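Worksheet: the structure to be examined is printed underneath.
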Amino acid sequence: MSLTSSLKDPSSAISRFLAEQLPFPNHVLSNYRKRLTRFPAPVEPRPEPGQRPEWRMLGHTIDHRLRVSLGAPTGQPIKDGVLRAELDDNGWPSIEVISTVQAAGAVMLEELRQYEGPNGQPLALSSETEGRLIRLCHIASSFEAIFRHVGWIRGNSLGFCEPAPASTTSSVPSLGT
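So in my numbering, the last spot in the sequence shown is 177, and the numbers never skip.
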């Protein structure tokens with residue numbers, strides 16, 4: 001059951017907990033909104049014309065960023081997603097793209113390992129580090145989707161990557177920085 005579904009159900013454990021621990025959420029919301037005015041407006045996703053933003057993937061990205069702050073950025077589903085990326089969706093994406101994506105996944109896993117630890121990480125890092133980390137978290141979300149679907153499904157943004165040139169088979173592709 002998703003968090004949204006649980007929050008809509010007043011009898012769910014999370015709803016009961018919140019009702020008990022946070023009986024007046026409107027006070028918290030109004031205070032939060034007042035404090036929020038001093039920050040720049042959030043960036044809105046800009047999907048391709050005719051498409052809707054992938055809100056679920058953005059939610060997964062936020063989830064992964066929070067996992068980093070808790071010191072557990074990868075987890076088995078992401079690692080398994082890198083392995084399961086070899087299972088195409090009836091010829092999509094191409095073998096060359098799959099190879100490139102799996103190599104990038106290995107780089108992503110190695111880079112995320114630096115954030116593992118029992119003490120977690122700060123919720124705000126330098127702009128450059130934070131930007132890179134958010135991109136890594138978004139990529140991790142795509143690999144987790146591959147894990148959950150036991151292979152590729154058409155539309156996974158990783159499937160639209162350019163394949164690595166044949167002459168660079170020993171080098172590792174960039175993760176979009």
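Glycine residues also receive a C-beta, built at the ideal position from the N, C-alpha and C atoms. From a predicted model like this one, the values you see are computed outputs, not experimental measurements.
Is it right to say G159 is buried, meaning 16 or more other beta carbons lie within 10 angstroms of its own, or is it exposed?
On the sequence shown, position 159 is the one that residue 159 refers to. Buried: at least 16 other Cβ atoms inside 10 Å.
Extent of the continuous alpha helix (DSSP H) to which I95 belongs
Against the sequence shown, residue 95 aligns to sequence position 95. Note, I95: alpha helix (DSSP H), I95 to R113.
Identity of the residues DSSP links to W92 by a beta bridge
For the purposes of this step, residue 92 is taken as residue 92 along the sequence shown, with counting starting at 1. The partner list for W92 (beta bridge, DSSP) reads D89.
Through-space distance from S157 to E128, alpha-carbon basis:
For the purposes of this step, residue 128 is identified with residue 128 of the sequence shown, where counting begins at 1. For the purposes of this step, residue 157 is identified with residue 157 of the sequence shown, where counting begins at 1. Using only the alpha carbons, I get a separation of about 23 angstroms.
Please state whether the Cβ-Cβ distance between P73 and H60 is less than 8 angstroms.
Indexing the sequence shown from 1 puts residue 73 at position 73. Indexing the sequence shown from 1 puts residue 60 at position 60. Not closer than 8 angstroms, so no.
Is P45 closer than 8 angstroms to L207 when the C-beta atoms are compared?
Outside the shown range of the chain, which is 1 to 177, sits residue 207, and nothing can be said about it.
Residues in the same chain with beta-carbon distance under 7 angstroms from S178, minus the five sequence neighbours each way, listed in chain order, please.
Look at the range of the chain in this structure, 1 to 177, and you will see that residue 178 is not part of it.
Using the Cα positions of V29 and H149, report the straight-line distance between them to the nearest angstrom.
As a first step, residue 29 is located in the sequence shown; it is residue number 29 there, counting from the start. As a first step, residue 149 is located in the sequence shown; it is residue number 149 there, counting from the start. According to the sequence displayed, residue 29 carries Leu and not Val. Those two C-alpha atoms are separated by around 36 angstroms.
What separation, rounded to the nearest whole angstrom, lies between the Cα atoms of T100 and S12?
To locate residue 100, count along the sequence shown from 1; it is residue 100. To locate residue 12, count along the sequence shown from 1; it is residue 12. Approximately 43 angstroms, taken between the alpha carbons.
Please report the residue range of the alpha helix (DSSP H) in which G59 lies.
In the sequence shown, the residue the question calls residue 59 occupies position 59. In this chain, the alpha helix (DSSP H) harbouring G59 covers W55 to S69.
Three-state secondary structure assigned by DSSP to E116:
Working through the sequence shown from its first residue, we reach residue 116 at position 116. Three-state result, E116: coil.
G151 to V97, Cα distance in whole Å?
As a working note, residue 151 is residue 151 in the sequence shown. As a working note, residue 97 is residue 97 in the sequence shown. Whole-angstrom Cα-Cα distance: 14 angstroms.
Buried or exposed, going by whether 16 or more other CB atoms sit within 10 Å of the CB of S5?
Residue 5 sits at position 5 when you count from the first residue of the sequence shown. So S5 ends up on the exposed side.
Please look up how many angstroms separate the CB atoms of E144 and I78, rounded, as I've assumed it's under 8 angstroms.
The residue given as residue 144 occupies position 144 in the sequence shown. The residue given as residue 78 occupies position 78 in the sequence shown. Contact holds; Cβ gap of about 5 angstroms.
Enclosing alpha helix (DSSP H) for L29 [first to last residue]
Counting from 1 along the sequence shown, the entry for residue 29 is found at position 29. Counted as a single uninterrupted DSSP element, the alpha helix (DSSP H) harbouring L29 occupies residues P25 to L36.
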